[in-house]
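All remarks here apply to the structure that follows.
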Amino acid sequence: MKYLKMLTLLSVVLFLLQTCKSADIKGYADITKKRQDSLAFELCKIYGLDQGIRKSPGMPNKWDFMLPIDSINFFKILDFTKTHGFPNKKILGQENYSHECVQASAIAILLHTPHILVNNKEYLDVFIEETNKETLKKETLALILDKYYAIRRDEFGNRRHLYGSQFGKPCKKYRRQSDSVRAVIGLAPLPDSLFVKCKSK
-17 MKYLKMLTLL SVVLFLLQTC KSADIKGYAD ITKKRQDSLA FELCKIYGLD QGIRKSPGMP
43 NKWDFMLPID SINFFKILDF TKTHGFPNKK ILGQENYSHE CVQASAIAIL LHTPHILVNN
103 KEYLDVFIEE TNKETLKKET LALILDKYYA IRRDEFGNRR HLYGSQFGKP CKKYRRQSDS
163 VRAVIGLAPL PDSLFVKCKS K
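The sequence shown begins at -17 in our numbering and counts up one residue at a time.
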């Protein structure tokens, strides 16, 4: 009888421990889901502001509004990245990350503000660190930075591509500069085949 009582007591204790453990796991999962949803909502608001003004038909002088909004959004993405890391499936959850406004938000904002990264090393370093953590691909960062040069031309009308991204191949005469900027973000020099001969006079 004594042993039966002890076994019963032990069973109760084990049951309570298991119940508490299950509750803790469920509670942690709920907290994690709420946090992921909150971060996803934050990104969607940023993306909505970015796309909303660009897709507003007939809005007068929208470029006057767009540039300040782009700047505000850049610093929101910068702060998000500093605090949580570059947006990815791990911190946002698979379901949230599948939505366009979550997955595309940071990239879209950075593609609209590459000049801020090119002209501010301290901000660029934040995203280079994310490439080291493998939350942001180096090739994606190269694409963002190349956007800055792709819309600029030299005195002969050549576009100033440097990174060899989807925006285009760099001129052979910019080989040294291309090697330098790619090295900064941890990319190897481009092979000769990815350079093109450009106008020089």
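Note that the Cβ used here is the ideal one computed from N, Cα and C, for glycine as well.
Assigned exposure category for isoleucine 167 - 16 Cβ within 10 Å defines buried: buried
Complete alpha helix (DSSP H) runs within the stretch 134 to 167 (minimum length 4 residues, chain order): 157 to 166
Isoleucine 7 in three-state terms, based on DSSP: Bear in mind that a pLDDT of 43 at isoleucine 7, under 50, signals an unreliable position, so the model cannot answer this.
Which listed residue (Leu21, Thr63, Arg141, Lys44) has its alpha carbon closest to that of leucine 106: Thr63
Terminal residues of the alpha helix (DSSP H) in which phenylalanine 109 lies: 103 to 114
Among Ser20, Cys153, Gly150, Pro42, the one whose alpha carbon lies nearest that of histidine 84: Correcting the residue type first, residue 84 is valine in the shown sequence and not histidine. Measuring from the Cα of valine 84, the nearest candidate turns out to be Ser20.
Residue from Arg158, Arg142, Leu74 whose Cα sits closest to the Cα of threonine 186: In the structure as shown, the chain starts at -17 and stops at 183, and residue 186 therefore has no counterpart that could be examined.
Per DSSP, cross-strand counterpart(s) of valine 178: Cys153
Spatial distance of cysteine 26 from proline 50 (CA atoms): 19 angstroms
Identity of the residue in Thr122, Arg142, Glu121 nearest tyrosine 130 by Cα: Arg142
Sequence-distant residues of the same chain with beta carbon closer than 6 angstroms to cysteine 180, five excluded per side: Asn140, Cys153
Nearest candidate by alpha-carbon position, reference arginine 134, set Ser80, Phe68, His97, Lys71: His97
Glutamate 77 burial status per 10 Å Cβ neighbour count (16 or more: buried): exposed
Distance, alanine 88 Cα to phenylalanine 68 Cα: 8 angstroms
With 16 other Cβ atoms within 10 Å as the buried cut-off, status of glycine 146: buried
Simplified DSSP assignment, three categories, for serine 38: coil
Helix, strand or coil at histidine 66 according to DSSP, with G and I counted as helix: helix
Buried or exposed (CB count within 10 angstroms, at least 16 for buried), asparagine 43: exposed
Beta carbon of leucine 93 nearer than 7 angstroms to that of isoleucine 126: yes
Separation of phenylalanine 109 from phenylalanine 56, as counted between CA atoms: 12 angstroms
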